[in-house]
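Beneath this line is the structure, given in structure tokens, with notes to follow.
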Amino acid sequence: MFSSAADPQHHHRAPPEAPTCKINMGDQTYEWLRAETCQTIESASLTISVGTDARPLAPPLRNSISFECANEVSRIQAANCLQLAAATQALRHPWLNFDGLYRLIVTHDRSSAIQANGHHLECIGQSVEDHLQRSGACAFPTKHGIVVILPLRILAYALEPESETERQYGLTTIWHELAHVHDLTLHYPSKTGQWPPVKDITTGQTRQSWHEYFADRHSHWPGFSADFELQLANQALTKALASRSRPDIATLMTRLASTHGRLAAQGLELDQAAPELADRLNQLRAKTAWTACAAQLDNALADVRAKGRPPDLRWLEVDLKNFQKAFATDRL
96 MFSSAADPQH
106 HHRAPPEAPT
116 CKINMGDQTY
126 EWLRAETCQT
136 IESASLTISV
146 GTDARPLAPP
156 LRNSISFECA
166 NEVSRIQAAN
176 CLQLAAATQA
186 LRHPWLNFDG
196 LYRLIVTHDR
206 SSAIQANGHH
216 LECIGQSVED
226 HLQRSGACAF
236 PTKHGIVVIL
246 PLRILAYALE
256 PESETERQYG
266 LTTIWHELAH
276 VHDLTLHYPS
286 KTGQWPPVKD
296 ITTGQTRQSW
306 HEYFADRHSH
316 WPGFSADFEL
326 QLANQALTKA
336 LASRSRPDIA
346 TLMTRLASTH
356 GRLAAQGLEL
366 DQAAPELADR
376 LNQLRAKTAW
386 TACAAQLDNA
396 LADVRAKGRP
406 PDLRWLEVDL
416 KNFQKAFATD
426 RL
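This note's numbering numbers the first residue of the sequence shown as 96 and each following residue consecutively.
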């Protein structure tokens, strides 16, 4: 499952515009939310200025954005925001591209969007029920390309934030899912309908740690706060220390990989950004094993950037298993 972190806000504001809904109650197909049948918004022309020179810029998301809304101005505003966010991300990370994007579906009704595209999730072995228990954005591969489901409230945070926390959450979540588009396109064997790739012998946990590291490495803007992600990593460490269970250790590995990606985007080490969390890890013998995992993540990223192909994650898998074993038997 490839999704954003939990919403840092305890409340959900009403979206700025209420979209119209056309639910087919006969077979519950929700045609306006199905990736294959949803209407898309024609891309606006963009320009990029460097000094006094201005040149056209191809909309990076093409005509892949869908947002069923009664207000045409709101539809265009939403599409323009997403195109500009993607253009900004691509300018900062020129090795990213979003050619593999099939649909980016903006919706006020996330649950209906998940159900409408449940057949795609089932084809890749993901549980619709698990997705319905979450509330954030998500990205997943299909035989047509990558589908992103973006709750309207997240776009509202980026467009009309009530606080800097909301603005940063909205923008980084959009960039996070777009980074997944690039990463999943590399891993997904287009047109075959098979996931994971036939030749990929790594476990789902290894791929999950890599995907979240990659997405956070390419979605964090310098100067943005990483406090929320660090809080999640701290909570995961506390829970894993209490239970020593495989699922909780797996969650911790994903959180640590995500946090490493976000801090590395700022050129920071964990002890600089989060001394308390670093100190807790330093008390564990498993800390050495995690340092090896972090190095493997960075090596894999260098390989992706240099060769433009999915990384070989076998050595990362070895080090993650070493960390899991060390952590399960470690004692403070």
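Think of the CB as a built atom: it goes at the ideal place given N, C-alpha and C, for glycine as much as any other residue.
> In the structure shown, what three-state DSSP assignment does Pro342 receive?
Replying inline: Under the three-state reduction of DSSP output, Pro342 falls in the helix class.
>> At the level of alpha carbons, what is the spacing between Leu250 and Leu179?
In response: Going by the C-alpha atoms only, they are around 13 Å apart.
> On the premise that Ala423 lies in contact with Arg339, defined as a C-beta separation below 8 Å, what is that separation, rounded to the nearest angstrom?
Replying inline: Sure, about 5 Å apart at Cβ, within 8 Å.
>> So for Asp278, helix, strand or coil by DSSP?
In response: The answer is helix: DSSP assigns Asp278 an H, G or I state.
> Which of the three DSSP states, helix, strand or coil, is assigned to Pro154?
Replying inline: If DSSP states are grouped into helix, strand and coil, Pro154 belongs with coil.
> When the distance is taken between beta carbons, is Gly356 closer than 8 Å to Phe309?
Replying inline: Yes. Within cutoff.
> What's the gap between the Cα of Ala389 and the Cα of Thr147?
Replying inline: Approximately 43 Å, taken between the alpha carbons.
>> According to DSSP, Val243 sits in a beta bridge with which residue or residues?
In response: Beta-bridge partners assigned by DSSP to Val243: Leu199, Ala234.
> Hey, out of Leu347, His315, Ala337, whose CA is closest to Gln326's CA?
Replying inline: If we check each option's Cα against that of Gln326, Leu347 comes out closest.
> When DSSP builds the beta bridges, which residues end up paired with Ser161?
Replying inline: Answer is Ile200.
> Three-state secondary structure (DSSP) at Leu379?
Replying inline: In the structure shown, Leu379 adopts coil according to DSSP, grouped into three states.
>> Along the chain, where does the beta strand (DSSP E) containing Ser144 start, and where does it finish?
In response: Here the beta strand (DSSP E) through Ser144 covers 141-145.
> Using 8 Å as the threshold, is the segment 217-225 in touch with the segment 265-276, meaning 3 or more CB pairs across them?
Replying inline: No: fewer than three Cβ pairs fall under 8 Å.
> Alpha carbon to alpha carbon, what distance is there between Ile160 and Gln172?
Replying inline: Gln172 and Ile160: Cα-Cα distance of roughly 12 Å.
>> Rounded to whole angstroms, what is the Cα-Cα separation between Arg205 and Leu245?
In response: Taking the straight line from one Cα to the other gives about 8 Å.
>> Threshold first: 4 residues or longer. Then list the alpha helix (DSSP H) segments lying entirely within the segment 303-351, N to C.
In response: For the segment 303-351, whole alpha helix (DSSP H) runs of length 4 or above, ordered along the chain, are 322-338.
>> Would you call the segment 390-409 in contact with the segment 371-380, where contact means no fewer than 3 C-beta pairs closer than 8 Å?
In response: Judged by Cβ distances under 8 Å, the segment 390-409 makes no contact with the segment 371-380, as fewer than three pairs qualify.
>> Taking DSSP's pairing of strands, which residues face Asp148 in a bridge?
In response: Partner(s): Val145.
> So, helix, strand or coil for Gly255, using DSSP?
Replying inline: Sequence check: residue 255 is Glu here, not Gly. Of the three classes helix, strand and coil, the one that applies to Glu255 here is coil, per DSSP.
>> I need the boundaries of the alpha helix (DSSP H) containing Ser39, first residue and last residue.
In response: An answer regarding residue 39 cannot be provided, because it is not within the stretch 96 to 427 covered by the chain.
>> In whole angstroms, give me the CA-to-CA distance for Glu64 and Glu255.
In response: Residue 64 is absent from the model: the chain starts at 96 and stops at 427.
> Excluding sequence positions up to five away, which residues of its chain have a Cβ less than 6 Å from the Cβ of Gln419?
Replying inline: Ile344.
> Quick one: what's got a C-beta closer than 8 Å to Cys176's C-beta in the same chain, skipping five residues either side?
Replying inline: For Cys176, where only same-chain residues beyond five positions count, the Cβ hits under 8 Å are Leu250, Ala253, Leu254.
> Taking the alpha helix (DSSP H) that Arg205 falls in, what are its first and last residues?
Replying inline: Its alpha helix (DSSP H) spans residues 205-211.
> Expressed to the nearest angstrom, what Euclidean distance is found between the alpha-carbon atoms of Phe235 and Leu227?
Replying inline: One C-alpha to the other measures close to 14 Å.
> Taking all protein chains shown into account, do 16 or more other C-beta atoms lie within 10 angstroms of the C-beta of Ile143, making it buried, or fewer, making it exposed?
Replying inline: Counting other Cβ atoms within 10 Å of its Cβ, Ile143 stays below 16 and is therefore classed as exposed.
> From Thr301, Ile209, Trp127, Phe162, pick the residue whose C-alpha is nearest to that of Trp432; which is it?
Replying inline: Given a span of 96 to 427 for the chain in the structure shown, any question on residue 432 remains unanswerable.
>> Measuring alpha carbon to alpha carbon, tell me which residue in Thr132, Asp407, Val243, Ser140 is nearest His282.
In response: Distance check between His282 and each of Thr132, Asp407, Val243, Ser140 places Asp407 closest, using alpha-carbon atoms only.
> With 16 as the cutoff for other CB atoms within 10 Å, does Ala331 come out buried or exposed?
Replying inline: Ala331 is buried by the Cβ-count criterion.
> What span of residues does the alpha helix (DSSP H) with Asn417 cover, start to end?
Replying inline: Segment 409-424, the alpha helix (DSSP H) holding Asn417.
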